[in-house]
Amino acid sequence: MTLGLLGQYLFNGLMLGMIYAMVAVGFTLFFGVLDVIKFSHGDVLMVGAFTGLATYLGLQSMGVDSAAVQLLVMTLVATLSMALLGALIAKYLVLPLRLAPPLNTLLITLMLGTVLRESVRLFYPQGSNPKPFPRLLPADSLSFGSFTLRADSVILLLAGLAAIVAVHLVINRTKLGLAIRAVAQDGETARIMGINFEFIVLLTFAIGSGMAALGGLMNGLYYNEINFGIGLLLGVIGFSAAVVGGLGNIYGAILGGFLFSGLQSLGAVALPALFPGTSTAYKDVFAFAVVIIFMAWRPTGLIAEKKSERV
Amino acid sequence: MRRLLDAASPAPALASMAAVTLFAVLFLHAESQEAVIGITVVAVIALLLLARFGWNRLAAASFAGHSRSGQASVLIGVLVIVAVFHDQHFPLLMLASVLLYIVVCLGLNLQFGYAGVVNFAGAAFYGVGCYTAAVLTSHTALPHLAVVLIGGLMAAVIGSLLILPVLRTYGHYAALVTIAFGILFRVFLEVNDALGGPQGMKVQGMEILGWKLNEGLQFGDLEFSFYANYVLVALVMAAVAFMLVRRLERSWIGLNLDAVRLDETASAAFGIDVARWKITAFTLGNFLTGLAGAVYAMMTGFVAPNSFTFGDSLILVSIVILGGIGNPWGLTVAAAIVLMLPEKLQFIQEYRLLLYAGLVILILLFRPGGLMPRQVRNYLPGWKP
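For the protein sequence lines, the chains are B and U, in the order given. Position one of the first sequence corresponds to residue 1 (the working numbering), numbered consecutively onward. Position one of the second sequence corresponds to residue 1001 (the working numbering), numbered consecutively onward.
This is the structure:
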């Protein structure tokens, strides 16, 4: 294990952690305002990535060649359309089930995720094959010995960081964020104080889903490939990250995201070293096993959810 | 005549079962897509019309009043189907799969229909049973009945590894534990070379006390497909599991499970040991799932990781919800619909996941009780309001 390789692992882990954190932030936002899990989140991310790809192809055919313009339009279209999709999901699937058992919301969004996934697989042209995602970011790279730092990765990392910081600022520094936090704390009281409950819920779902679309684009730009199945795994990982960190807590989500990618990297590095002959493919097995054990130790995550049941 | 159409008479139940059997035979027999669609549409319209004239309620009451002859008629119905298709592989394979899926869904029903313990890893526990059968039949000479039993036990044991996190967590967190396990299991199978990796493993056919199930029976000129044997085994399993689940539901155990699901705090306050009943339901459910898995593996002769994806777990959950959470009859009907329809209607096959997912969304939005909602518990048998 050279230092360069270690650096590569570390950087890759950071990148993955950023994407996971972006997904986890969405989960935690939704859980915050409505106490629900929107399990279709990962698939919204995937649809976002495909929307971006379709926009790119559309721009190509219209003759727009500038990478910067393409990237900007792609990001805008994907983020806004997914924000709209998120709000629609909240309005027509999540809010009507508010009084039903919470499990029903989980189920309905789980099934919606399947609908989105299958729709892309069946109705996107050749949707069941992996699709090449365009390289739109500058491909310059700096070499430090065996460690190469790619400019596009750095840009993606910074963009992800900026998105998370922006959401954090919106939630903690603006009046809108105050309303979101009020709804999260106590929906009924927030209503009495004149906050438009439904609007805030829809907006929160829009913000979270927009974040997912960004995450999907980042994922596509980083791996230069997307397929219809990425949403499921990313959704489960994002959910795990949010839960490990503590649902409803935005810092917990970020922490959980990086923790999960750390576990995966650790699994990829340490397992073959400790048990010669095991493949690095066990990294997901390792990471999920640790998550399950962790759940037994801290059932509501690192930053524990405050729960007291009124009887 | 009037006596025959009374709820107190078994006639409505028996007539309904005869009609269902006739429909199943016609449905399985139909070759062309148009015929399949035609038969299905006619059946749905007939069902709606009968419901309009109150027949369904009459039949349900008759079933409830004569549960023994009702259940016997179901068994006879299955045997009639076997007799009609005695030499055809495909319909019998489908019938056996439906019966095994019913066993699995009965297990799931115990878990989240009664005790409220969510399990989104049904396909994984099914896979545990399948792979146990694969490993044991190819590496040991254990009698196959023992293999099936061990398949169930393995599923229960592996499930018990999850018990601690499932018990300590609640709601969404518990859902995550099983989802994570389901995905972990699948990835593990794919990368594990000892278990055949993505290619999977071969499994020997079943042999019970010298009776080789992979050899078709022959009575004089009458040849039976070997799948008929598996249908019989699966039918016995399904019937036993069904009776077990029904008895459990009606007993004080079922009452405790219902209490735990509806309000953990209240049931703890009434002295019900919440953890104990959750463990019971979870373990027993996984045991049933594992049993069915072991038989399924021996029937198909082959197991591969691709049969145990998260999507398959979702199909299992869909069956339970479509049928009506907590209603064993409902899931029986739903399992038959969910498994048979796409097999017969080839153009649905590709779209089946999409279709089920959409259907479950509609059910959850507009009819949360499912197609056949669970009836309110009848505390005093025979009591009429």
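Even glycine gets a Cβ: it sits at the ideal position worked out from N, Cα and C.
query, result
"Rounded to whole angstroms, what is the Cα-Cα separation between Ser1073/U and Phe1063/U?", "10 Å"
"Any beta carbon from chain U within less than 7 Å of Leu129/B's own beta carbon?", "The sequence given here places Asn at residue 129/B; Leu does not occur at that position. Not an interface residue."
"Helix, strand or coil, according to DSSP, for Leu103/B in the structure here?", "helix"
"Please classify Phe1053/U: does DSSP put it in a helix, a strand, or coil?", "coil"
"Going straight from the alpha carbon of Val1098/U to that of Glu225/B, what length do you get?", "39 Å"
"Are Ile155/B and Ala179/B close, meaning C-beta to C-beta below 7 Å?", "no"
"Going along the chain, which residues of its own chain have a beta-carbon closer than 8 Å to the beta-carbon of Ile1150/U, five neighbours each way excluded?", "Thr1132, Leu1136, Leu1142, Ala1294"
"Considering Cα atoms alone, identify which of Ile164/B, Met15/B, Met111/B, Trp297/B is closest to Tyr251/B.", "Ile164/B"
"Can you give me the start and stop residues for the alpha helix (DSSP H) that Leu1345/U sits inside?", "Run containing Leu1345/U: none; DSSP gives neither H nor E here."
"Assuming Leu1026/U is part of the beta strand (DSSP E), what are its boundary residues?", "Per DSSP, Leu1026/U belongs to no beta strand (DSSP E); it is in the alpha helix (DSSP H), 1011–1029."
"Tell me the rounded alpha-carbon separation between Met979/U and Val1103/U.", "Only positions 1001 to 1385 of chain U appear in the structure, and residue 979/U is not among them; the question remains open."
"When you compare only the Cα positions, how much space is there between Gly1065/U and Ile1081/U?", "26 Å"
"Can you grab the Cα-Cα spacing for the pair Thr204/B / Asn249/B, in whole Å?", "14 Å"
"DSSP state of Glu1223/U, grouped into three classes?", "strand"
"In chain order, what residues of the segment 1354–1370 of chain U put their CB closer than 7 Å to some CB of chain B?", "Leu1354, Ala1357, Gly1358, Val1360, Ile1361, Leu1364, Leu1365, Pro1368"
"Looking at the strands, I want to know which residues DSSP matches up with Gln1218/U.", "Glu1223/U"
"Are the C-beta atoms of Val1274/U and some chain B residue less than 7 Å apart?", "no"
"According to DSSP, which residues form a beta bridge with Glu225/B?", "Pro132/B"
"Is Ile1325/U close to chain B, meaning its C-beta is less than 7 Å from at least one C-beta of that chain?", "no"
"Let me see if you follow: with CB-CB separation under 7 Å, is Ile1337/U close to chain B or not?", "no"
"Pairs of beta-carbons, one from the segment 1109–1126 of chain U and one from the segment 1277–1285 of chain U, closer than 8 Å: are there three or more?", "yes"
"At a Cβ threshold of 7 Å, is Ser1126/U touching chain B?", "Before going further, note that residue 1126/U is Tyr rather than Ser in the sequence given. No, because no Cβ of chain B sits closer than 7 Å to the Cβ of Tyr1126/U."
"So Phe288/B contacts chain U; which residues on that side make the cut at Cβ distance below 7 Å?", "Ala1180, Ile1183, Leu1184"
"Chain B partners of Arg1168/U, CB-CB under 8 Å?", "Met295, Ala296, Pro299"
"What three-state label does DSSP hand Val64/B in the structure shown?", "coil"
"So, using beta-carbon positions, are Gly52/B and Ala78/B closer together than 7 Å?", "yes"
"Any idea what DSSP makes of Met218/B, helix, strand or coil?", "helix"
"Which chain U residues are close to Leu285/B, counting only those with a beta carbon under 7 Å from its beta carbon?", "Sequence check: residue 285/B is Val here, not Leu. The contacting residues are Leu1184, Val1187, Phe1188."
"Could you spell out where the alpha helix (DSSP H) holding Ser40/B opens and where it closes?", "Element bounds for Ser40/B: n/a, residue is neither H nor E."
"Strictly below 7 Å CB to CB, what residues from chain B border Tyr942/U?", "Because chain U here runs from 1001 to 1385, residue 942/U falls outside it and cannot be looked at."
"Given a cut-off of 7 Å on the beta-carbon distance, is the pair Leu1125/U and Ala1155/U in contact?", "The residue you asked about is not Leu; residue 1125/U is Phe in the sequence shown. A contact, by the Cβ cut-off of 7 Å."
"Return the first residue and the last residue of the alpha helix (DSSP H) that Leu255/B is part of.", "250–274"
"Assign Asp43/B to one of two classes, buried (16 or more other C-beta atoms within 10 Å of its C-beta) or exposed (fewer than that).", "buried"
"Near Met1206/U, what residues of its chain come up, given a Cβ to Cβ distance below 6 Å and the 5 sequence neighbours on each side ignored?", "His1144, Leu1213, Met1298"
"How long is the line joining the alpha carbons of Leu1354/U and Ile1315/U, rounded to whole angstroms?", "11 Å"
"Are at least three pairs of beta-carbons, each pair with one atom in the segment 12–24 of chain B and one in the segment 202–220 of chain B, less than 8 Å apart?", "yes"
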